[in-house]
Every structure is written in structure tokens, then in C-alpha cells.
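Undergrad: Residue numbers (my numbering): 841 to 1011.
#1: Would you mind working out which of 908, 903, 987, 917 sits nearest residue 939, comparing C-alpha positions?
#2: Ignore the nearest five residues each way along the sequence and tell me which others in residue 1003's own chain have a CB closer than 6 angstroms to its CB.
#3: Less than 8 angstroms between the C-beta atoms of residue 877 and residue 857, yes or no?
#4: Apart from the five residues just before and just after residue 906, which ones in its own chain have a Cβ nearer than 8 angstroms to its Cβ?
#5: So residue 978 packs on residue 914, CB below 8 angstroms; how close in whole Å?
#6: Taking the straight line between their C-alpha atoms, what separation do you get for residue 955 and residue 961?
#7: Going along the chain, which unbroken runs of the beta strand (DSSP E) with 3 or more residues stay wholly within the region 879-956?
#8: How many angstroms separate the CA atom of residue 981 from the CA atom of residue 972?
#9: In chain order, what residues of the same chain lie with their CB nearer than 7 angstroms to the CB of residue 948, ignoring the 5 residues before and after it?
#10: The alpha helix (DSSP H) that contains residue 854, what's its start and end?
#11: Which partner residues of residue 979 appear in the DSSP bridge assignment?
#12: Using the three-state DSSP reduction, which class does residue 995 fall into: helix, strand or coil?
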């Protein structure tokens, strides 16, 4: 039986820098790795991932919704991890505020965009950032899924598939 885990993530920019968290070595999920701001959707937020993402931003950084411009859902990512289906809603936005709270989850840094992909980043976040840096903000939502593909040498390699999310207009 599969369980569902809903998560949110914020990709926040200040000029040419991206807000990233260097996760604490004591964290269960991705210790010592660089990640975005985000977390789990609470049961009361299940129909409103935007609210969940803004809550996570405030909890982890002190930034309020009014501090963020062009806050837009850009990605929905779905993947399987063991007996769990993980669905992640990823928002992008810009802020002019750089003074942030510190959190026990890790240290917050404004990382120049040119340096971001040099950091140790979890696979899903890295793939999403690479896609965003290549395609930029989109007028639509991207949906991504992660899977494994067999190589000619019979080894499995992770692959990410992207598609534009759209209503097929079927009547």
C-alpha cells in the first residue's frame, strides 16, 4: 500500500542570488546538503499548497508573503520513494529583503546563481534548478517525474522527465 507525502519548496531570488539552506548535519533528510526552503504540507493545507509554502518560508526565514514578489507555482514534481508517492509543489519568487532568521534546520545563504550547481544538492532539487536555469520562468506549470532507465551496460541511471501541465480540453 502506498502512502502520499505532499511537500512544498520555494526557489527565492534576490537579484542574481538564490536563497539556499545548508542543512544541518543532524537532519534526517539530506544532512549537510544544500537545499531550498520548504517542507511538508499540513493536513489543513492539503487544498492550498501556496499557503503551505508561505508558512514554510516564514518559519524558516522570517520572510512574509508580502516580502515576496511574483510568487508563482512553476513545478509539480512526482516520484516514488519506497512505498511512498511524493508530490512536491515548487514555487519561485523574488524578494528585496536579505535579513533572514536562522533556523535549527540549517544555515541560510544567498548563493550567486553562477555558483548554485557547484554545491552538493539533492537530486530532485538539482534537476529542477537545472531545468529552471535553462528555461527560466514559464507562463505555465511544469510537471516532472523521476525514474530509472536501463543503460546499454545494464545499469540503472536516474532520469527526469518534464512536460508542460495543461488541460487537454477533452469534453
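No residue lacks a Cβ here, since even glycine has one placed at the ideal position from N, Cα and C.
TA: According to the structure data:
#1: 903
#2: 983
#3: No, they are not a contact pair.
#4: Closer than 8 angstroms at Cβ, skipping near neighbours: no residue.
#5: 6 angstroms
#6: 12 angstroms
#7: You should have 908-921, 924-935, 946-952.
#8: One C-alpha to the other measures close to 11 angstroms.
#9: Spatial neighbours of residue 948 in its own chain (CB-CB distance under 7 angstroms, excluding positions within 5 residues in sequence) are listed in chain order as 859, 861, 901, 940, 942.
#10: Per DSSP, residue 854 belongs to no alpha helix (DSSP H); it is in the beta strand (DSSP E), 843-854.
#11: Looking at the DSSP output, residue 979 shares a beta bridge with no other residue.
#12: coil
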